[in-house]
Amino acid sequence: MSAHDRRAILQRMARLEGQVRGIRQMLEEDRDCPEVLNQMAAARAALDKVARMVFEDHLDHCLVDVIQDGDADEPIASIKAAFACYFLP
Numbered sequence: 070m071s072a073h074d075r076r077a078i079l080q081r082m083a084r085l086e087g088q089v090r091g092i093r094q095m096l097e098e099d100r101d102c103p104e105v106l107n108q109m110a111a112a113r114a115a116l117d118k119v120a121r122m123v124f125e126d127h128l129d130h131c132l133v134d135v136i137q138d139g140d141a142d143e144p145i146a147s148i149k150a151a152f153a154c155y156f157l158p
């Protein structure tokens, strides 16, 4: 992963941490359920964006390098397993 990509992912994760703390505070303050659910949906979307960034980085760097070396079976199985764990729990 490039330093730029890592920095972007870490920045997004920091914002996501703030969002989750905000949701917790909303729950502690007994805020309206629709407001809380709206913030939860935003946090989920932010986490999905980070996951896409990580998957794209893996495809662009890790997977391409191994495929160019000639053995794609194991890395393709690995990415399929990771995809299934994240998107099909």
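For reference, each letter of the sequence shown is one residue, going 70 to 158 in the numbering used here. Every residue, glycine too, gets a C-beta built ideally from N, C-alpha and C. Please read all numbers here as calculations on a predicted model, not as lab measurements.
For a test of the three-state rule: what should DSSP assign to residue i, helix, strand or coil?
i      : result
ASP142 : helix
ARG100 : coil
Hey, how far is the Cα of residue i from the Cα of residue j?
i      : j      : result
ASP117 : GLN137 : 29 Å
LEU128 : GLU98  : 42 Å
ALA115 : LEU85  : 7 Å
PRO144 : ASP74  : 21 Å
GLU139 : LEU132 : According to the sequence displayed, residue 139 carries Gly and not Glu. Those two C-alpha atoms are separated by around 11 Å.
Taking C-beta to C-beta, are residue i and residue j nearer than 9 Å?
i      : j     : result
VAL135 : ILE78 : no
GLN108 : MET95 : yes
GLN88  : ALA72 : no
Three or more beta-carbon pairs under 8 Å between the region 142-151 and the region 118-133, yes or no?
The count of Cβ pairs closer than 8 Å, one atom from the region 142-151 and one from the region 118-133, reaches three, so the stretches are in contact.
Along the chain, which unbroken stretches of the beta strand (DSSP E) at least 3 residues long are found entirely within the region 77-128?
none
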